[in-house]
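Asker: Numbering (numbering that gives the first Met the number 0) for the sequence shown: 0 to 687.
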Amino acid sequence: MPISVSAPHVPGRSSNSPAAAQPSAKNTYRPEIEGLRGVAVLLVAVYHIWFGTVSGGVDVFLVLTGFFITGSLVRTVERQGKINPLSFLTRLAKRLFPSAAVVMAGILVAALLFFPRSRWPDIIADTFASALYVQNWNLALNSVDYLAQNNAASPLQHFWSLAIQGQFYLLWLVLAMAAAALARRFGLRLHSAVLGYCTTVLVLSFSYSLYMTHHNPEWAYFDTWTRLWELALGGLLAILLPRMRDLPRRLRILMGWLGLAALSLCGLLVPVDIHFPGFIALWPVLAALMVILAGNTGSRVGADRLLTWAPLTRLGGMGYSLYLWHWPILVTYLEMTDRVRPSLTGGAYILALSLLLSWLTTRFVEGGVTRVTQRFPKRRVSLSLAAAFLVPVLAASLGWQQHMERQTELISVHSQDTTLYPGAEIIANPALAEDLPQLPLFPQPEDARESTVVETDDCNVGIQGSEPIVCEFGPDDADHTIALVGSSHARHWFQALEQISEKHGWRLVTILKSGCQFSTDEQVHRGEPFTDCTEWNNATYERIAAEQPDTVFTLASLSDAGGDGAEELPEGYRERWRQMEELGIRVVALRDTPRLAFDAIECVDRNQRNECATEVSHSLADVPPYEGLEAEHPNVRFLDMTEALCPSGSCPAVFGNVLAYHDDNHLTAAFSRSLAPVLEPLLLEAVE
0 MPISVSAPHV
10 PGRSSNSPAA
20 AQPSAKNTYR
30 PEIEGLRGVA
40 VLLVAVYHIW
50 FGTVSGGVDV
60 FLVLTGFFIT
70 GSLVRTVERQ
80 GKINPLSFLT
90 RLAKRLFPSA
100 AVVMAGILVA
110 ALLFFPRSRW
120 PDIIADTFAS
130 ALYVQNWNLA
140 LNSVDYLAQN
150 NAASPLQHFW
160 SLAIQGQFYL
170 LWLVLAMAAA
180 ALARRFGLRL
190 HSAVLGYCTT
200 VLVLSFSYSL
210 YMTHHNPEWA
220 YFDTWTRLWE
230 LALGGLLAIL
240 LPRMRDLPRR
250 LRILMGWLGL
260 AALSLCGLLV
270 PVDIHFPGFI
280 ALWPVLAALM
290 VILAGNTGSR
300 VGADRLLTWA
310 PLTRLGGMGY
320 SLYLWHWPIL
330 VTYLEMTDRV
340 RPSLTGGAYI
350 LALSLLLSWL
360 TTRFVEGGVT
370 RVTQRFPKRR
380 VSLSLAAAFL
390 VPVLAASLGW
400 QQHMERQTEL
410 ISVHSQDTTL
420 YPGAEIIANP
430 ALAEDLPQLP
440 LFPQPEDARE
450 STVVETDDCN
460 VGIQGSEPIV
470 CEFGPDDADH
480 TIALVGSSHA
490 RHWFQALEQI
500 SEKHGWRLVT
510 ILKSGCQFST
520 DEQVHRGEPF
530 TDCTEWNNAT
540 YERIAAEQPD
550 TVFTLASLSD
560 AGGDGAEELP
570 EGYRERWRQM
580 EELGIRVVAL
590 RDTPRLAFDA
600 IECVDRNQRN
610 ECATEVSHSL
620 ADVPPYEGLE
630 AEHPNVRFLD
640 MTEALCPSGS
650 CPAVFGNVLA
660 YHDDNHLTAA
670 FSRSLAPVLE
680 PLLLEAVE
């Protein structure tokens with residue numbers, strides 16, 4: 000039975016799924032592919048809502064995108080002899096922008112009503128990234144940002160796959176135009192030229208995907224180049240499918256059911272800890288290819304009989320809207336209920352609301368735009384409609400962002416008054432806390448992390464990277480040089496050390512790396528050997544040996560991230576101290592920072608400030624693990640700031656109107672700076 004290479008738009012049925020493409024009225028509509036879309040988007044929603052696993056549905060969308068777009072571009076060249084890029088992009092914008100803009104507007108409203116202030120800047124940034132089709136790169140950068148790893152899921156996170164498709168549209172447009180030009184110039188068949196670039200992209204992208212998934216899986220998941228092979232494979236199928244019409248009917252029936260079963264079971268059988276995409280992405284991709292190759296068998300026992308079931312094809316028709324709506328509704332529900340995963344009933348409500356909003360969006364937004372452009376088919380009308388939806392969302396996001404920045408600047412000015420914002424100074428001078436008015440926090444919850452990180456970001460090696468970055472502060476001819484060395488828990492003492500060093504004319508040197516302790520132990524990151532840390536440690540030791548600072552300031556213990564008070568002293572710490580002794584360098588080892596049982600900025604957003612405190616026993620032992628080791632390490636001076644950070648055994652998130660933590664275990668820059676008067680006498684005694 001002939002199998003066409005495209006599924007054209009049918010009046011009253013939307014093609015705005017995540018795999019939407021330009022239609023061709025000359026080709027037979029394929030309802031089984033619309034049903035496949037419905038299955039894929041339903042799997043995405045179900046596995047996101049109840050299981051939190053990879054469903055393979057997004058990979059189906061990518062294959063279908065490559066399948067439809069390639070076929071559409073080829074047919075355009077065959078009919079018109081060329082491709083008008085402006086017409087191509089205008090049609091895409093008209094189809095994609097309105098629904099996406101409506102969902103983004105809904106997310107902004109939900110953020111204002113239901114999300115803590117600390118989430119607002121990220122949601123606004125995600126809105127811009129999603130609207131500009133670069134959300135996948137935004138998430139890739141966050142995936143390797145050590146201090147962002149505990150961030151809650153963004154309600155716009157799912158736009159990453161749409162961003163990849165948007166970038167693919169531009170790339171494929173350029174390649175198709177180049178293929179058409181080469182075919183004309185050298186007398187080649189257009190199909191041969193298209194097969195050439197599809198095959199090249201497929202091989203290069205798949206090879207890169209295997210490499211990157213193995214070496215950097217967090218980045219690989221969102222990387223456009225690790226996913227292009229799926230789209231290119233769909234493109235190859237679009238060109239080769241007409242040559243594969245004569246497959247035996249029984250084989251196509253078997254392929255249809257095997258593909259549908261494999262796709263449905265992907266989310267259940269693929270372990271959540273397997274790196275994706277890599278080899279494992281072949282599972283849903285090949286499943287989709289089998290269903291497409293099976294086509295419409297006309298058999299009563301074929302999978303296409305199920306896929307052409309009217310409710311399923313209608314679901315496929317509103318698949319784009321359902322994909323857009325289900326994720327923000329899920330994330331908002333979890334935010335409101337403070338749950339990690341919805342209950343069976345809660346998930347059913349989420350799915351039902353997603354379906355309702357998808358139907359409304361498909362009918363009134365997509366359908367309304369279609370009716371207008373059918374009545375006024377000029378290109379400028381389509382562009383104006385797309386802009387009319389998207390521009391207000393971007394303008395609202397920009398206005399909101401600027402309002403928060405003005406508020407931050409105003410509070411920053413007032414924070415210079417230590418009678419209003421004493422921070423940790425209330426520890427040394429309790430009189431400052433008397434009659435202290437409760438003012439807006441500094442830093443503001445929505446700005447706390449960013450304002451802290453930016454102060455030392457240029458002097459810090461992230462998770463990736465093994466070459467130490469050495470930053471120096473103070474006079475080169477200082478009588479005393481102190482080196483701040485270690486992980487982010489050493490890093491957040493920089494502001495306090497800078498204040499003390501400047502006061503006493505010391506030279507301060509920083510050698511820092513996220514997630515990497517100054518230790519000889521082999522460390523791990525997300526369950527994998529942290530080789531960059533090992534290399535950084537070795538190189539850092541060499542730099543210290545060459546620099547010969549008078550004092551190395553680092554950590555003395557490792558607080559318990561699990562909340563059981565199992566503070567420990569890794570043997571690798573002690574080995575480093577011995578190495579420093581051999582070099583004639585004094586070590587000031589500070590007990591690790593106590594951890595909170597909650598995210599500080601979210602807690603102060605939701606509760607009274609005095610409710611945001613954690614018992615010190617949550618992360619620290621009753622007795623420091625280095626107790627009694629002074630004789631074994633005569634070059635080490637141990638410091639303990641626990642009484643200052645946790646007065647009376649309780650560790651608050653706020654001191655004197657200053658926010659102390661920007662998550663559950665990292666101090667804010669403002670609070671660190673205010674700790675200088677408390678740390679100073681202890682440090683002076685240690686270095687004398």
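Using N, Cα and C, we set each Cβ at its ideal position, and we do this for glycine too.
Would you list the residues sitting across from S649 in a DSSP beta bridge?
Answerer: E614.
Asker: Helix or strand or just coil, what does DSSP make of F60?
Answerer: helix
Asker: State yes or no: is the C-beta of H325 nearer than 7 Å to some heavy atom of the ligand PLP?
Answerer: For the ligand PLP, the structure offers nothing, since it holds no ligand at all.
Asker: Among D58, I82 and E404, which has the Cα closest to the Cα of T704?
Answerer: The first residue shown for the chain is 0 and the last is 687, placing residue 704 beyond what the model contains.
Asker: Going along the chain, which residues of its own chain have a beta-carbon closer than 7 Å to the beta-carbon of T641, five neighbours each way excluded?
Answerer: R590, P593, V615 and L619
Asker: What does a CB cutoff of less than 6 Å around L688 pick up in its chain, not counting 5 residues either side in sequence?
Answerer: With the chain covering only 0 through 687, there is no way to say anything about residue 688.
Asker: Find the nearest neighbour of A544 within the set I584, T509 and A104, judged by alpha-carbon distance.
Answerer: When only C-alpha atoms are compared, the closest one is I584.
Asker: T344: which of S558, I48, V380 and A39 sits nearest, CA to CA?
Answerer: I48
Asker: Spatial neighbours of Y660 within its chain, please: CB distance less than 7 Å, with the 5 preceding and 5 following residues excluded, ordered by chain position.
Answerer: L595, A599, A652, L666 and T667
Asker: Between the alpha carbons of A182 and F67, how many angstroms are there, rounded?
Answerer: 21 Å
Asker: According to DSSP, simplified to helix, strand and coil, what is R585?
Answerer: strand
Asker: Let me know if M579 comes out buried or exposed under the rule of 16 or more other beta-carbons within 10 Å of its beta-carbon.
Answerer: buried
Asker: Tell me whether P327 sits in a helix, a strand or coil according to DSSP, three-state version.
Answerer: helix
Asker: Determine which residues share a DSSP beta bridge with Y660 and list them.
Answerer: L666
Asker: Please report how far the alpha carbon of Q415 lies from the alpha carbon of L674, in whole angstroms.
Answerer: 15 Å
Asker: Determine, using beta carbons only, whether L227 and F167 come nearer to each other than 8 Å.
Answerer: The Cβ atoms of L227 and F167 sit closer than 8 Å to each other.
Asker: In chain order, what residues of the same chain have a beta carbon less than 6 Å from the beta carbon of P327, not counting five sequence neighbours either side?
Answerer: Annotation for P327: I106 and P154 place their beta carbon closer than 6 Å to its own, counting only its chain and skipping 5 residues before and after.
Asker: So is G315 buried or exposed if we call it buried at 16+ other beta carbons inside 10 Å?
Answerer: buried
Asker: The alpha helix (DSSP H) spanning V284 covers which residue range?
Answerer: L281 to A293
Asker: So A685 packs on L638, CB below 8 Å; how close in whole Å?
Answerer: 6 Å
Asker: Which residues bound the beta strand (DSSP E) around I468?
Answerer: Run containing I468: none; DSSP gives neither H nor E here.
Asker: Looking only at its own chain, which residues have a Cβ that is under 8 Å from the Cβ of S518, when we skip the five neighbours before and after it?
Answerer: N536, P569, G571, Y572, E574 and R575
Asker: Find the nearest neighbour of A175 within the set R244, L194, R605 and V62, judged by alpha-carbon distance.
Answerer: Ranking R244, L194, R605 and V62 by Cα distance to A175 puts L194 first.
Asker: Grab me the residues of Q156's own chain with a C-beta within less than 8 Å of its C-beta, minus the 5 sequence neighbours each way, in chain order.
Answerer: D125, Q134, L138, W326 and V330
Asker: Ordered along the chain, which non-local residues of its own chain (more than five positions away) have a Cβ less than 8 Å from that of A100?
Answerer: A130, F388, L389, P391 and V392
Asker: Which class does D478 belong to by DSSP, given the choice of helix, strand or coil?
Answerer: coil
Asker: Could you pull out every residue in the same chain whose Cβ sits closer than 7 Å to the Cβ of P548, ignoring the five residues on either side in sequence?
Answerer: Answer for P548: T480, I481, A482, V508 and I584, listed in chain order.
Asker: Any chance the stretch 34-45 sits against the stretch 199-213, with 3 or more Cβ pairs inside 8 Å?
Answerer: no
Asker: Drop a sphere of 10 angstroms on the beta-carbon of P376, count the other beta-carbons inside from all chains shown, and report buried for 16 or more, exposed for fewer.
Answerer: Its Cβ having fewer than 16 others within 10 Å, P376 is exposed.
Asker: Is the separation between the beta-carbon of V102 and that of A427 shorter than 8 Å?
Answerer: no
Asker: Report the three-state DSSP secondary structure of G11 (helix, strand or coil).
Answerer: Because G11 sits at a pLDDT of 33, beneath the cut-off of 50, its placement in the model cannot be relied upon, and the following sentence gives the value as read from the coordinates. DSSP places G11 in coil when its eight states are reduced to three.
Asker: Check this for me: beta carbons of R249 and G294, under 8 Å apart or not?
Answerer: no
Asker: Quick one: residues in its chain with C-beta nearer than 6 Å to the C-beta of A20, no 5 flanking neighbours on either side, listed in chain order?
Answerer: Low confidence applies here, because A20 scores a pLDDT of 33, under 50, leaving its location unreliable and the question unanswered by this model.
Asker: When the Cα atoms are used, what is the spatial distance from A522 to A612?
Answerer: Reading off the sequence shown, one finds Gln at residue 522, where the question assumed Ala. Q522 and A612 have their alpha carbons spaced roughly 30 Å apart.
Asker: Which residues does DSSP list as the beta-bridge partners of N459?
Answerer: L511
Asker: Threshold first: 4 residues or longer. Then list the alpha helix (DSSP H) segments lying entirely within the stretch 52-125, N to C.
Answerer: 56-79 and 84-113
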